[in-house]
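> What follows is a single structure, and I will ask about it in a moment.
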Amino acid sequence: MAKALPSRKENYSLWYNELVKKADLAENSDVRGCMVIKPYGYSIWEKMQRGLDDMFKATGHVNAYFPLFIPKSYMSREADHVEGFAKECAIVTHYRLKTSEDGKGVIPDPEAKLEEELIVRPTSETVIWSTYRKWIQSYRDLPLLINQWANVVRWEMRTRLFLRTTEFLWQEGHTAHATSKEAVEEAERMLNVYTQFAEQTMALPVIQGIKSESEKFAGAIDTYCIEALMQDGKALQAGTSHYLGQNFAKAFDVKFANKEGKEELVWGTSWGVTTRLIGALIMAHSDDDGLVLPPKLAPIQVVCVPIYRSEEDLAKIKEVVSKLEKEFLTKGISFKFDDRDTERPGWKFAEYELKGVPLRIALGPRDLEKNQAEVARRDTKEKMFISLDRLSDDVVKLLEEIQNNIYNRALDFRKQNTHDVETYDELKEVLNTKGGFVLAHWDGTAETEDKIKNDTKASLRCIPLDSNGKEGKCVVTGKTSKQKVIFAKAY
RNA sequence: CGGGGCGUAGCGCAGCCCGGUUAGCGCACCUGGUUUGGGACCAGGGGGUCGCAGGUUCGAAUCCUGCCGCCCCGACCA
Numbered sequence: 478m479a480k481a482l483p484s485r486k487e488n489y490s491l492w493y494n495e496l497v498k499k500a501d502l503a504e505n506s507d508v509r510g511c512m513v514i515k516p517y518g519y520s521i522w523e524k525m526q527r528g529l530d531d532m533f534k535a536t537g538h539v540n541a542y543f544p545l546f547i548p549k550s551y552m553s554r555e556a557d558h559v560e561g562f563a564k565e566c567a568i569v570t571h572y573r574l575k576t577s578e579d580g581k582g583v584i585p586d587p588e589a590k591l592e593e594e595l596i597v598r599p600t601s602e603t604v605i606w607s608t609y610r611k612w613i614q615s616y617r618d619l620p621l622l623i624n625q626w627a628n629v630v631r632w633e634m635r636t637r638l639f640l641r642t643t644e645f646l647w648q649e650g651h652t653a654h655a656t657s658k659e660a661v662e663e664a665e666r667m668l669n670v671y672t673q674f675a676e677q678t679m680a681l682p683v684i685q686g687i688k689s690e691s692e693k694f695a696g697a698i699d700t701y702c703i704e705a706l707m708q709d710g711k712a713l714q715a716g717t718s719h720y721l722g723q724n725f726a727k728a729f730d731v732k733f734a735n736k737e738g739k740e741e742l743v744w745g746t747s748w749g750v751t752t753r754l755i756g757a758l759i760m761a762h763s764d765d766d767g768l769v770l771p772p773k774l775a776p777i778q779v780v781c782v783p784i785y786r787s788e789e790d791l792a793k794i795k796e797v798v799s800k801l802e803k804e805f806l807t808k809g810i811s812f813k814f815d816d817r818d819t820e821r822p823g824w825k826f827a828e829y830e831l832k833g834v835p836l837r838i839a840l841g842p843r844d845l846e847k848n849q850a851e852v853a854r855r856d857t858k859e860k861m862f863i864s865l866d867r868l869s870d871d872v873v874k875l876l877e878e879i880q881n882n883i884y885n886r887a888l889d890f891r892k893q894n895t896h897d898v899e900t901y902d903e904l905k906e907v908l909n910t911k912g913g914f915v916l917a918h919w920d921g922t923a924e925t926e927d928k929i930k931n932d933t934k935a936s937l938r939c940i941p942l943d944s945n946g947k948e949g950k951c952v953v954t955g956k957t958s959k960q961k962v963i964f965a966k967a968y
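For the first sequence, the numbering used here assigns the number 478 to the initial residue and increments by one for each residue that follows.
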C-alpha cells in the first residue's frame, strides 16, 4: 500500500504538516501566517466549542461579544500587558484606500489617517475592562461571568498550522469579582473545566500547574495552565487561566460599592483555549496512517464501506444499512455510509484512516450471508466480525473503549516520558537524549530558569499543583527548593 | 532583521553546470473500457506568460544584472 504520510519518527514536523493537509483539516492561506480551516477540521472545532460552552454555562457563564479593534491608548493602560503584547500587534492606521499615482494599485489615502490608531485585538482584557467600568457599580453587579468566542491576531514571527498562526480562533472568559478569594476560586474552577475537557473529551492527559514569573500572562498575578506532552517529547500549553488581581481594575478604574457602601477595586480573571487544541489532538494520538480521533470529537464516528460487484449486491447492502442507520441515530452515533462508486473500497479504507474515523464497518456479500459485518478499530487497527443483530450495541461499547484506550495510551506515553532528575548533568542529559517532561528542583529565580533555557532550550513549563511537596535542592544552584517543577522543550 | 534554499501544468519535481528539435516526468483531471474484500489497470486526451523586468546571443527555462515572492533555521509565542 502506498504510504500517505512521511514517518512520524523520521521527521515529526513534516509528518504533522502533511497530516493536517491530507486529513483535510486545514491549509496555509495566501495571507502571511494565516490558516484556512477546512470544513472537516472546522467541524472538530465546532464539537470542541459545544463541549466547552456547555461547561461554561454549567458554571454560570454567559456569552457576549466585544469589538475587534482596541484604541491604541487602551493597550498602554496596564504596563505589563502592553510590554507583553506590543511586539506582536497589528495596527490599523487608515480607513480608506485610493488609487496610487501610477494607477497600478491602491494605497492608504493619506487624507484618511486615523487620529488614534486601532490595534487588532491580541486579547480583549483592555476593551472588556473599559466596558466593565460602565457595567459595575455595586456588589450586586458581581460576579460578572462572561465569555466570548472570537478571533484574535498576534503577529508571530514563525507560524505553524493550528499551533501558532497569525490569526486564531479561541474563547476568552473575563470575570469580575468582589473579593480576591472569589477570583482565585474562579481561575482555579476554569482550570478544572479545561482539565476535565482535555482529559474526558479530548482523551488528552494534562498536568495542572502555575507558570513562573517569566512565563506568566502579561498583566496577571498568577497564570494557571494545563500542559500536555506530545508524541515527539515536546510540551504543549493547552490552556491558561489567569488570576488578574486588581491589575485591570486599576488600569480601567473599575470600582464597586461594597455592602458597607465603601468603594473598592474589582478583582478579575481571564481564561482561554484556542484552535491550538486541534494541534494537541493531532500530535497526541495520531500515527503514520493518519489522524486518530477520540470518538467524542470525531465528526464521523462510524463509517460504512460497501463492497459489491453488482447493483443487486449494493441494493441488499443498502437495505441492511438503512436499518443500522436508524439504530445508530437513536443511539446518538454519527454515521456515514459511503457508497460512492467513484472510489474503490481500499481507497476508502485508507481515506477514513487518514481522517481518523474511530470505527469502520465493511459490508459485502460474504458478510450478509453470515449475518455479520467486519468492524475495524482505528486506534488498534484490530478487525473483528460482529453479528448484525448486536452491531449497534457493540459499536456503542467499542466507541467508549476507544475513547478510554487512547486516553490511557497517551497517559502511558507521558509516564514513560516523564523523568525525575537530581543533578544538572542528569537534567541536560535527559533533555538532550530523551526529551519529555523533566522533573527537577529549582530555586525559584528567573536567573536559574534563564540559564537552563540557554543551556538546554527547555523552558520551565509549570510548577505542578499536585506537587507531592517534597523539598530539595536546586539542580543548578543548590539552594533550597520547595518542590520539583517541570522542564521541557515546548511548542 | 541575520544565515541557508527555492521559484518550470492544480500539486510534487527533472531539465540549467556545458544555450540549439515541438519543454519533460509522477500524481491529479477528462473520455472509453475492464474492475471493486486494503490506496486498480489499459488506451486515448486536455492543461505551460519556465516568478517579473532588462541585457548578452542567430537562438535563453539554461548565461549576466536588477526586482518580486515563498520556504527552512534563529530571535517571538496560545
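We treat Cβ as the ideally placed atom computed from N, Cα and C, and that holds for glycine.
Can you give me the Cβ contacts of Thr672 inside the same chain, cut-off strictly under 7 angstroms, excluding the 5 residues immediately before and after it?
Hits under 7 angstroms: Val683, Gln685 and Ile703.
> Going by other Cβ atoms of all chains shown within 10 Å of its Cβ, with 16 needed for buried, is Tyr829 buried or exposed?
Under this definition Tyr829 is a buried residue.
> Relative to the C-alpha of Leu754, which candidate in Lys947, Trp647 and Cys781 has its C-alpha closest?
For the residues Lys947, Trp647 and Cys781, the minimum Cα distance to Leu754 belongs to Trp647.
> Just verifying my parser: in three-state terms, what is the DSSP assignment at Glu649?
In the structure shown, Glu649 sits in a strand (DSSP, three-state: E or B).
> Between Glu649 and Thr717, which are expected to be in contact by the criterion C-beta below 8 angstroms, what is the C-beta distance as a whole number of angstroms?
Not quite, the Cβ-Cβ distance comes to about 10 angstroms (not below 8 angstroms), so this is no contact.
> Let me check one thing: in DSSP terms, what residues is His719 bridge-paired to?
DSSP, once it has assigned bridges, lists Thr700 and Ser747 as partnering His719.
> Just list the residues that DSSP pairs Pro544 with in beta bridges.
DSSP output for Pro544 lists no bridge partner at all.
> Quick one, which of Gln714, Asp699 and Ile623 has its alpha-carbon nearest Thr536's?
Considering only alpha carbons, the answer is Ile623.
> Can you name the start and end residues of the alpha helix (DSSP H) that Gly518 belongs to?
Here the alpha helix (DSSP H) through Gly518 covers Pro516 to Ala535.
> State the Cα-Cα distance for the pair Glu690 and Ala923, rounded to the nearest angstrom.
Spanning the two alpha carbons is a distance of roughly 7 angstroms.
> Out of Lys693, Lys808 and Ser747, state which residue places its alpha-carbon closest to the alpha-carbon of Lys874.
The shortest Cα separation from Lys874 among Lys693, Lys808 and Ser747 belongs to Lys808.
> From Ser553 to Lys727, what distance separates their C-alpha atoms?
Taking the straight line from one Cα to the other gives about 13 angstroms.
> With a threshold of 8 angstroms, are at least 3 pairs of Cβ atoms found where one atom belongs to the region 758–769 and the other to the region 479–489?
Flag = yes, the region 758–769 and the region 479–489 touch.
> From Arg938 to Gly738, what distance separates their C-alpha atoms?
Cα-Cα distance, rounded: 43 angstroms.
> What are the complete alpha helix (DSSP H) segments, minimum 4 residues, inside the region 723–795?
Here the runs fully enclosed are 724–729 and 753–762.
> May I ask you to list the residues that DSSP assigns as paired with Pro587?
In DSSP, Pro587 forms no bridge with anything.
> At which residues does the beta strand (DSSP E) containing Ala850 begin and terminate?
Gln849 to Arg854 is the extent of the beta strand (DSSP E) around Ala850.
> Let me know the secondary structure DSSP gives Ala481 once reduced to three states.
Coil.
> Return yes when the Cβ of Arg631 is within less than 8 angstroms of the Cβ of Glu692, no when it is not.
No, these two residues do not count as a Cβ contact at 8 angstroms.
> Go through the region 582–633 residue by residue and report every complete run of the alpha helix (DSSP H) that reaches 4 residues or more, in order.
The region 582–633 contains these whole alpha helix (DSSP H) runs: 602–612.
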